[in-house]
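In this note's numbering, the protein residues as written are 1 to 95.
The next block holds one structure in the form of structure tokens; read it before the comments.
Shown next as structure tokens:
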């Protein structure tokens with residue numbers, strides 16, 4: 001009789017841990033971004049061309065902390081575009 005109570009208690013505790021493990025975490029969006037103005041006159045370009053290469057593989061649909069990898073990459077490139085001053089380089093994006 002005592003072992004039945006122990007087994008039921010153990011199963012109840014295990015079920016509780018499994019249910020707690022399935023609890024969804026609150027989605028935290030990427031922090032807002034405001035680009036700072038960079039004075040292009042303080043810098044001289046060291047390159048004439050640059051290319052940003054996007055990974056278009058199926059793994060980019062996976063998530064990191066509830067955020068799709070491709071969305072993170074797009075946000076990063078968008079932030080770079082807002083920050084890098086125009087200095088006459090030829091730029092491109094490739095996937």
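Yeah, the Cβ is synthetic: ideal placement off N, Cα and C, and Gly gets one too.
Quick caveat: nothing in here was measured; it's all calculated off a predicted structure.
{"Asked": "Suppose contacts are defined by Cβ-Cβ distances below 9 Å. Is residue 45 in contact with residue 88 by that definition?", "Found": "yes"}
{"Asked": "Of the choices 9, 8, 31, 90, whose alpha-carbon is the least far from that of residue 102?", "Found": "Because the chain spans 1 through 95 in this model, residue 102 falls outside it and cannot be assessed."}
{"Asked": "Residue 59: which of 73, 12, 39, 9 sits nearest, CA to CA?", "Found": "73"}
{"Asked": "Could you give the distance in angstroms between the alpha-carbon of residue 34 and the alpha-carbon of residue 77?", "Found": "14 Å"}
{"Asked": "For the ligand SAM, I want to know if residue 40 counts as a neighbour, meaning its beta carbon is within less than 8 Å of at least one of the ligand's heavy atoms.", "Found": "As far as ligands go, the structure on display features none, and thus does not contain the ligand SAM."}
{"Asked": "Considering only the alpha carbon of each residue, which of 68, 82, 81, 55 lies closest to residue 95?", "Found": "55"}
{"Asked": "Thinking C-beta only, is residue 84 closer than 9 Å to residue 11?", "Found": "no"}
{"Asked": "Using a threshold of 9 Å, state whether the C-beta atoms of residue 61 and residue 53 are closer than that.", "Found": "no"}
{"Asked": "Considering only DSSP beta bridges, list what residue 49 is partnered with.", "Found": "90"}
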